[in-house]
Amino acid sequence: GWRRREDGQCRMLAGSLHTFVSLPPLSGVPISTVACGYAHTLCASSDGRVFAWGLNFQGQLGLGHNQSQYTDTPQEVAALR
Numbered sequence: 809g810w811r812r813r814e815d816g817q818c819r820m821l822a823g824s825l826h827t828f829v830s831l832p833p834l835s836g837v838p839i840s841t842v843a844c845g846y847a848h849t850l851c852a853s854s855d856g857r858v859f860a861w862g863l864n865f866q867g868q869l870g871l872g873h874n875q876s877q878y879t880d881t882p883q884e885v886a887a888l889r
């Protein structure tokens, strides 16, 4: 999905709607699926790990709480290990 990067959901350069930037924390991780939400993104690696980044205000990032928190760095969802 092409969205603005206001909340990091698709990890785009500020002001750019068509240019992705690299995600160093996922360098070398074979990604098989990506899903973009309203203000967050999830991806699954081919070995079954799930990563999330963006805005967590209803628990979307799987951090174990629903406090409003923003991260532009992919975090592995520990509960899905």
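If you're matching positions, the sequence shown starts at 809 in the numbering used here and goes up one per residue.
Glycine is no exception: its CB is placed at the ideal position from the N, C-alpha and C atoms.
Quick caveat, the model's predicted, so the values are computed rather than measured.
Can you check which of these residues, the options, is closest to residue i by C-alpha distance?
i: T881; options: T849, G845 and G836; result: T849
i: P833; options: F859, G870 and Y846; result: F859
i: G870; options: A886, G856 and G845; result: A886
Quick one: residues in its chain with C-beta nearer than 7 Å to the C-beta of residue i, no 5 flanking neighbours on either side, listed in chain order?
i: S854; result: P838 and S840
Could you tell me the alpha carbon to alpha carbon distance between residue i and residue j, rounded to whole angstroms?
i: Q883; j: S876; result: 15 Å
i: Q866; j: V842; result: 20 Å
i: H873; j: L888; result: 15 Å
i: G845; j: Q868; result: 9 Å
i: R857; j: A847; result: 21 Å
Only counting the same chain, and skipping five residues up and downstream in sequence, which positions put a Cβ closer than 6 Å to that of residue i?
i: G836; result: none
**Request:** Return the chain-ordered ranges of every beta strand (DSSP E) run that is complete within the segment 819-882 and spans a minimum of 3 residues.
**Result:** Entirely contained in the segment 819-882, the beta strand (DSSP E) runs reaching 3 residues are, in chain order, 839-844, 848-853 and 858-864.
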